[in-house]
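Chemist: Below you'll find the structure I mean.
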Amino acid sequence: MKRSIISILSLLVLCVSTIVAQKVQPQTAKAKETSSLLYKISGKDIQKPSYIFGTIHVICPNDMFSQENLGKYFDETEQLILEIDMDDAAEMQTMTKAVYLQNGKTLSEAFTPEQFKKVDELLKNYLGIALENVKNIKPIMLQTMLLTSPKVIGCAPPASYERTFVQMASAKKKPVLGLETVQSQIEVLDKIPFEKQISDFYEMALDPEKSFAEFKSLMETYKQQNSDNLFILIEKQMEKDKTFQTNLLDERNKLWIPKIENAVKENPSFIAVGGGHLGGKNGVLNLLRAKGYKIEAIKL
Numbered sequence: 205m206k207r208s209i210i211s212i213l214s215l216l217v218l219c220v221s222t223i224v225a226q227k228v229q230p231q232t233a234k235a236k237e238t239s240s241l242l243y244k245i246s247g248k249d250i251q252k253p254s255y256i257f258g259t260i261h262v263i264c265p266n267d268m269f270s271q272e273n274l275g276k277y278f279d280e281t282e283q284l285i286l287e288i289d290m291d292d293a294a295e296m297q298t299m300t301k302a303v304y305l306q307n308g309k310t311l312s313e314a315f316t317p318e319q320f321k322k323v324d325e326l327l328k329n330y331l332g333i334a335l336e337n338v339k340n341i342k343p344i345m346l347q348t349m350l351l352t353s354p355k356v357i358g359c360a361p362p363a364s365y366e367r368t369f370v371q372m373a374s375a376k377k378k379p380v381l382g383l384e385t386v387q388s389q390i391e392v393l394d395k396i397p398f399e400k401q402i403s404d405f406y407e408m409a410l411d412p413e414k415s416f417a418e419f420k421s422l423m424e425t426y427k428q429q430n431s432d433n434l435f436i437l438i439e440k441q442m443e444k445d446k447t448f449q450t451n452l453l454d455e456r457n458k459l460w461i462p463k464i465e466n467a468v469k470e471n472p473s474f475i476a477v478g479g480g481h482l483g484g485k486n487g488v489l490n491l492l493r494a495k496g497y498k499i500e501a502i503k504l
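For the sequence shown, position 191 (counting from the first letter as 1) is numbered 395 according to the numbering used here, and the numbering increases by one without interruption.
Here's what the structure looks like:
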C-alpha cells in the first residue's frame with residue numbers, strides 16, 4: 205500500500221471536513237506544556253480572548269474530549285468559526301453534490317474487471333454496498349468513507365466535533381461563520397489526478413487491514429493532545445507529496461489568517477479547524493504568533 209494515499213486520506217479527516225503513524229521522539233517536558241489541541245488567542249489589539257481548537261472530523265463519541273471542558277471556553281465567546289459554515293444549507297447542498305464524479309465518468313469503466321472485483325469486495329465487506337451502486341462517487345471520497353466506517357473506527361454512529369459545536373452554537377444562539385467555501389475545498393481535492401485516485405483505491409483494496417491499522421494509529425496520536433506531534437507525522441508522511449501538503453494546508457492556512465484576525469478583533473470567537481492546520485512553520489498558530497498574538501496551550 206502506498207503510504208502517500210494514507211497520508212492524503214488522513215489529512216482529509218483531519219483537515220477538510222492521511223497519515224501513517226510513525227514513531228515520533230517524545231518531546232521535552234517544556235515542549236509538552238506548550239502543545240495541545242486547544243489554544244487561547246490574546247494580545248495585540250483584541251479586547252477579549254478567543255480560542256482555537258484542532259478537530260478530527262470523525263471520531264467515536266467515547267473518544268471525544270469532554271464537551272463540558274470545551275464548553276467552558278466556548279461559553280466565553282460570542283461566535284463559532286469553522287472551516288466552512290455548516291449552518292448554511294446552500295453550503296451543505298454543495299458538499300453533497302461535490303462527492304460525485306463529473307462529465308459522465310464512472311468507476312465501472314475506470315477499473316479493469318479484476319480491479320473492479322477487488323474494490324467491490326472491499327466496499328461490501330466494510331460498507332455493505334456494491335461498487336456498482338456507488339460508481340458515480342469520486343474514489344477519494346469512497347476511500348475516506350471506508351477509513352471512517354464503523355468497522356474501522358469501532359463505533360456506530362461516529363461523532364463529529366463540528367456538528368457538536370454547531371449544536372452548541374444553536375442552543376446559545378451564537379452565529380456560525382466559515383473561513384472558506386465547500387467549493388474551495390473541493391478544488392484542492394480535485395487537483396489529485398483521477399487516474400491516481402483509481403490506482404490508489406485499488407492498492408487499498410489489496411491490503412485494507414494495513415491501511416486501517418495505520419489510520420487507527422493516527423487517531424491515537426490525535427487523542428494525545430499534541431498538535432506539534434500531529435504535524436510532525438503529517439510532514440513525514442507528505443515528504444513525497446509536498447505539493448498536496450502545500451495546497452491542503454499551507455496555502456489555506458495563509459488565506460485564513462486575515463479572516464481570523466478580523467473575526468477575533470470584532471468578537472471573541474471559538475475557532476474549530478482540522479488539527480493538521482495548527483502546527484508547523486506555516487501552521488495557523490505560528491502565523492498568528494508572527495502577527496503579534498499571544499498563543500497559549502490549554503490541556504483538556
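We put the beta carbon where it would ideally sit given N, CA and C, even for glycine. Values in this document were obtained by computation on a predicted structure and should not be read as measured data.
Here's the rule: buried if 16 or more other CB atoms are within 10 angstroms of the residue's CB, otherwise exposed. What is Arg367?
Modeler: The residue is exposed, with fewer than 16 neighbouring Cβ atoms inside 10 Å.
Chemist: Give the single residue among Leu335, Gln428, Thr300 and Gln306 whose Cα lies nearest to the Cα of Thr316.
Modeler: Closest by alpha carbon: Leu335.
Chemist: On the DSSP bridge assignment, give the partners of Ser353 in chain order.
Modeler: Note: Ser353 sits in no beta bridge, so no partner.
Chemist: For the beta strand (DSSP E) containing Tyr365, list its first residue and its last residue.
Modeler: It is not in any beta strand (DSSP E) - Tyr365 instead sits in the alpha helix (DSSP H) that spans Tyr365 to Ala375.
Chemist: Is it the case that the Cβ atoms of Tyr330 and Ser353 are separated by a distance below 8 Å?
Modeler: Their beta carbons are under 8 Å apart, which means Tyr330 touches Ser353 by this criterion.
Chemist: According to DSSP, simplified to helix, strand and coil, what is Lys328?
Modeler: Correct three-state label for Lys328: helix.
Chemist: Take Lys463 and list the residues in its own chain whose beta-carbon comes closer than 7 Å to its own, dropping the five residues that flank it on each side.
Modeler: Cβ neighbours of Lys463 beyond the five flanking positions: Leu383.
Chemist: Buried or exposed: where does Thr281 fall if 16 or more other Cβ atoms within 10 Å of its Cβ makes it buried?
Modeler: Counting Cβ neighbours within 10 Å, Thr281 comes out buried, since at least 16 surround it.
Chemist: Does any residue of chain D have a CB that is nearer than 8 Å to the CB of Tyr255?
Modeler: As a matter of chain content, chain D is missing from the structure shown, which is built from one protein chain.
Chemist: Who are the Cβ neighbours of Leu491 in its own chain at under 8 Å, not counting the five residues just before and after it?
Modeler: Around Leu491: Asn457, Lys458 and Ile461.
Chemist: Just how far apart, CA to CA, sit Tyr255 and Asn266?
Modeler: Distance between the alpha carbons of Tyr255 and Asn266: 23 Å.
Chemist: If we call anything under 8 Å between Cβ atoms a contact, is Leu284 one with Ala360?
Modeler: Not in contact: Leu284 and Ala360 (Cβ atoms no closer than 8 Å).
Chemist: Which first and last residues belong to the alpha helix (DSSP H) in which Ser312 is found?
Modeler: Where Ser312 is concerned, the enclosing alpha helix (DSSP H) stretches over Leu311 to Ala314.
Chemist: Quick test of the definition: if touching needs 3 or more C-beta pairs under 8 Å, does the region 291-303 touch the region 377-395?
Modeler: They touch, by the three-pair rule.
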